[in-house]
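Worksheet: the structure to be examined is printed underneath.
There are 2 protein chains.
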Amino acid sequence: MPTDARTTSRVRAADELKHAALEQFATVGFAGTSLQHIADEAGYAKSSVLYHFASKEALLEAAIEPAVEGFEDVLEVFLSARRSGRRGELVDRVVDLLLEHREAVHVFLTQGQSLSELPVIARANVAVRRLASAVCEERESVDDQVRFGIALGGAAFLLTAGRSFADESTLPSDDEMRDALRRIIAEILTPARTPSN
Amino acid sequence: MPTDARTTSRVRAADELKHAALEQFATVGFAGTSLQHIADEAGYAKSSVLYHFASKEALLEAAIEPAVEGFEDVLEVFLSARRSGRRGELVDRVVDLLLEHREAVHVFLTQGQSLSELPVIARANVAVRRLASAVCEERESVDDQVRFGIALGGAAFLLTAGRSFADESTLPSDDEMRDALRRIIAEILTPARTPSN
DNA sequence: GCAGACTCTGACCGATCGGTCAATTAGCGT
DNA sequence: ACGCTAATTGACCGATCGGTCAGAGTCTGC
Chain A
1 MPTDARTTSR VRAADELKHA ALEQFATVGF AGTSLQHIAD EAGYAKSSVL YHFASKEALL
61 EAAIEPAVEG FEDVLEVFLS ARRSGRRGEL VDRVVDLLLE HREAVHVFLT QGQSLSELPV
121 IARANVAVRR LASAVCEERE SVDDQVRFGI ALGGAAFLLT AGRSFADEST LPSDDEMRDA
181 LRRIIAEILT PARTPSN
Chain B
1 MPTDARTTSR VRAADELKHA ALEQFATVGF AGTSLQHIAD EAGYAKSSVL YHFASKEALL
61 EAAIEPAVEG FEDVLEVFLS ARRSGRRGEL VDRVVDLLLE HREAVHVFLT QGQSLSELPV
121 IARANVAVRR LASAVCEERE SVDDQVRFGI ALGGAAFLLT AGRSFADEST LPSDDEMRDA
181 LRRIIAEILT PARTPSN
């Protein structure tokens, strides 16, 4: 085995397979994606997929684990530095993560129910609940829950499935999208601060 | 054949099958749902499903067609009565439809890309584009697109997958949800009217 | 150049997929 | 009670599913 960390064949193949798998999982669903199709997309044989990953479930776990870890890290930083950490910063970083891991987020949000037995999905569930608490700051009214849910689900939808509605070449760049998302999501989570609770 | 319109066996069975199918399509995806499982859920044999519907695709079409028709009707009424029709009313009626047809909306929004060859999905695509135009009123800035996408996708997420985050019995009733959605979505689509375009 | 590990693949397995079909059962007009 | 139609079903089909396995190809340290 090469002691050098430079892209060994193993790492490169595994990355290609994870990328191809995530794309399929996000578009046709986990159950609707076949190992054969993932292998074809990545340019390998079906057997090779099961050489790098013990099972279809293990492949999904490996594919979305980086996204979950990213959210856990951001959340940890925000919760530990309770003083300096402003809520606006948290929103900005979460938006960055949504853009970076859009496919993984989409898979989790739209199929998390049917995949709840997978450990990494359970981890993501915990992270989302903690994120909701951090964002809503102890106020757990129905309004706050709705605002959080719309912001999260809406952003995830916009970044994946919603792209099919953008007419041809009108779809905004990632930078435009990041800017708009940061502003609008912050606005959604911070209502006009009406005197009522 | 009974001349009476009172629930003939045919209609009742077809309804049960459509309902069971829609639930599965929304949770595990169209490709991930088997006719066998739909039949089991509804209490029929797999052959019976294919007696009532020509194919798996035909079953999906029949199951989400009422939702598409509902959206087309609301849109038609709004666009024809251009004078009296206020935008707030449109939002209210769309929210009602989202609540009534939440599973169909979820299927369309999360799997519309991979099902775009089905005629009813194409119809729904047209309807959504027209809805976006009606809601954004000719202003098609990136911000407006993002606001519309977040509102639509967020509401759909909240009404289906998002339910798994509500702790136990804390999840709000449909009436609470309808109320919150109407207010918050109207607020999202009508930003603080900053002087900038 | 040889040995041993690493990577990749085709052949194969039982199970399940969507779909067809002939036969059986249930329901209704007469 | 009879006969016709509509409703339902089990047996069956080829294809594909996730997964196993033994072997071929490839690379590296010595």
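Heads up: the protein sequence lines correspond to chains A and B, in order. So the first sequence is numbered by full-length UniProt numbering: it starts at 1 and just counts up by one. So the second sequence is numbered by full-length UniProt numbering: it starts at 1 and just counts up by one. Glycine included, C-beta positions come from ideal geometry on N, C-alpha and C. As the structure is a computational prediction, the values presented were derived from the model and not from experiment.
Are the Cβ atoms of A/R182 and A/D92 separated by less than 7 Å?
If you number the first sequence from 1, residue 182 of chain A lands on position 182. If you number the first sequence from 1, residue 92 of chain A lands on position 92. Result yes, Cβ atoms of A/R182 and A/D92 sit closer than 7 Å.
Would A/Q36 pass as an interface residue toward chain B - the criterion being a Cβ-Cβ separation below 7 Å?
Translated into the one-based positions of the first sequence, residue 36 of chain A becomes position 36. Not closer than 7 Å to any Cβ of chain B, the Cβ of A/Q36 fails to qualify, so no.
Based on Cα-Cα distance, which residue from A/V49, A/V120, A/L171 and A/T110 lies nearest to B/S164?
One-based indexing of the second sequence puts residue 164 of chain B at position 164. Selected option, being the one with the closest Cα: A/T110.
With DSSP collapsed to three states, give me the class of A/F53.
The sequence position of residue 53 of chain A within the first sequence is 53, counting from 1. Three-state result, A/F53: coil.
List in chain order: all unbroken beta strand (DSSP E) runs of 3+ residues lying wholly within the region 63-140 of chain A.
With a minimum length of 3 residues, no continuous beta strand (DSSP E) run stays inside the region 63-140 of chain A.
Measure the C-alpha to C-alpha separation of B/V49 and B/T8 and round it to an integer number of angstroms.
Here the question's residue 49 of chain B lines up with position 49 in the second sequence. Here the question's residue 8 of chain B lines up with position 8 in the second sequence. Straight-line Cα distance between these residues: approximately 16 Å.
Measuring only between beta-carbons, confirm whether B/V146 sits less than 7 Å from chain A.
In the second sequence, residue 146 of chain B corresponds to position 146, counting from 1. Chain A contact via Cβ: present.
Cβ pair B/V107, B/E65 closer than 7 Å:
As a working note, residue 107 of chain B is residue 107 in the second sequence. As a working note, residue 65 of chain B is residue 65 in the second sequence. Cβ distance not < 7 Å, so B/V107 and B/E65 don't count as in contact.
Exposed or buried, what is A/V77 when buried is set at 16 or more other beta-carbons lying within 10 Å of its beta-carbon?
Looking up residue 77 of chain A in the first sequence gives position 77. Looking at its Cβ environment, which holds fewer than 16 other Cβ atoms inside 10 Å, A/V77 is exposed.
Flag this pair as yes or no: are the beta carbons of B/A67 and B/L22 separated by less than 7 Å?
Taking the first residue of the second sequence as 1, we reach residue 67 of chain B at position 67. Taking the first residue of the second sequence as 1, we reach residue 22 of chain B at position 22. Taking 7 Å as the Cβ cut-off, B/A67 and B/L22 do not qualify as a contacting pair.
Excluding five sequence neighbours on each side, which residues of the same chain lie with their C-beta closer than 8 Å to the C-beta of B/P191?
Numbered from its first residue, the second sequence carries residue 191 of chain B at position 191. For B/P191, where only same-chain residues beyond five positions count, the Cβ hits under 8 Å are D143 and R147.
Just tell me which of B/V28, B/T27 and B/A45 has its CA closest to the CA of B/E16.
For the purposes of this step, residue 16 of chain B is identified with residue 16 of the second sequence, where counting begins at 1. Ranking B/V28, B/T27 and B/A45 by Cα distance to B/E16 puts B/A45 first.
N-terminal and C-terminal residue of the alpha helix (DSSP H) that A/A26 is part of:
To locate residue 26 of chain A, count along the first sequence from 1; it is residue 26. Start and end: S9 to V28.
List, in chain order, every chain B residue whose beta-carbon is nearer than 9 Å to that of A/G29.
On the first sequence, residue 29 of chain A is found 29 positions in, with the first residue counted as 1. Per Cβ cutoff of 9 Å: V28, G29, F30, A31, G32, T110, Q111 and S114.
Can you pull the chain B residues whose beta carbon is under 8 Å from the beta carbon of A/V68, in chain order?
Position 68 of the first sequence, counted from the first residue, corresponds to residue 68 of chain A. Result: empty, since nearest Cβ-Cβ is about 15 Å, beyond 8 Å.
So, are the CB atoms of B/R102 and B/T170 less than 7 Å apart?
Here residue 102 of chain B refers to the residue found at position 102 when the second sequence is read from its first residue. Here residue 170 of chain B refers to the residue found at position 170 when the second sequence is read from its first residue. The answer is no: Cβ separation not under 7 Å.
Taking B/A124 as the query, report the chain A residues whose CB atoms sit under 8 Å from its CB, ordered along the chain.
In the second sequence, the residue the question calls residue 124 of chain B occupies position 124. Those within 8 Å of B/A124 in chain A number zero; the least Cβ separation is about 11 Å.
On the three-state DSSP scale, how would you describe B/G149?
Working through the second sequence from its first residue, we reach residue 149 of chain B at position 149. For B/G149, the secondary structure class from DSSP, reduced to helix, strand or coil, is helix.
Check whether the Cβ atoms of A/I38 and A/A20 lie closer than 7 Å to each other.
Translated into positions along the first sequence, residue 38 of chain A becomes position 38. Translated into positions along the first sequence, residue 20 of chain A becomes position 20. If you check the CB distance, A/I38 and A/A20 come in under 7 Å.
Excluding the 5 residues flanking A/G88 on each side, which residues of the same chain have their C-beta closer than 8 Å to its C-beta?
Taking the first residue of the first sequence as 1, we reach residue 88 of chain A at position 88. Cβ within range, chain order: A186.
Inter-residue spacing [alpha-carbon to alpha-carbon] between B/A14 and A/A26
For this step, residue 14 of chain B is matched to residue 14 along the second sequence. For this step, residue 26 of chain A is matched to residue 26 along the first sequence. If I take the Cα positions, the gap works out to 30 Å.
Can you find a C-beta in chain A that's less than 7 Å from the C-beta of B/D143?
For the purposes of this step, residue 143 of chain B is taken as residue 143 along the second sequence, with counting starting at 1. Yes, B/D143 lies at the interface with chain A (some Cβ there is under 7 Å from its Cβ).
Would you report the Cα separation of A/L97 and B/S34, rounded to the nearest angstrom?
Position 97 of the first sequence, counted from the start, is the residue given in the question as residue 97 of chain A. Position 34 of the second sequence, counted from the start, is the residue given in the question as residue 34 of chain B. The straight-line gap from Cα to Cα measures roughly 34 Å.
CA-CA distance, B/A127 and B/C136?
The count along the second sequence starts at 1 and reaches residue 127 of chain B at position 127. The count along the second sequence starts at 1 and reaches residue 136 of chain B at position 136. Taking the straight line from one Cα to the other gives about 14 Å.
Report buried or exposed for B/Q24, applying the criterion of at least 16 other Cβ atoms within 10 angstroms of its Cβ.
Locating residue 24 of chain B in the second sequence gives position 24, where the first residue counts as 1. With 16 or more other CB atoms across the displayed protein chains lying within 10 angstroms of its CB, B/Q24 is buried.
C-alpha gap between A/R82 and A/K18, whole angstroms
In the first sequence, counting from the first residue as 1, residue 82 of chain A sits at position 82. In the first sequence, counting from the first residue as 1, residue 18 of chain A sits at position 18. Approximately 35 Å, taken between the alpha carbons.
By the three-class DSSP mapping on this structure, what secondary structure does A/S173 have?
Along the first sequence, one-based indexing puts residue 173 of chain A at 173. If DSSP states are grouped into helix, strand and coil, A/S173 belongs with coil.
My output table needs one value for B/D143: the three-state DSSP class, helix, strand or coil.
For this step, residue 143 of chain B is matched to residue 143 along the second sequence. Taken through DSSP and simplified to helix, strand or coil, B/D143 comes out as helix.
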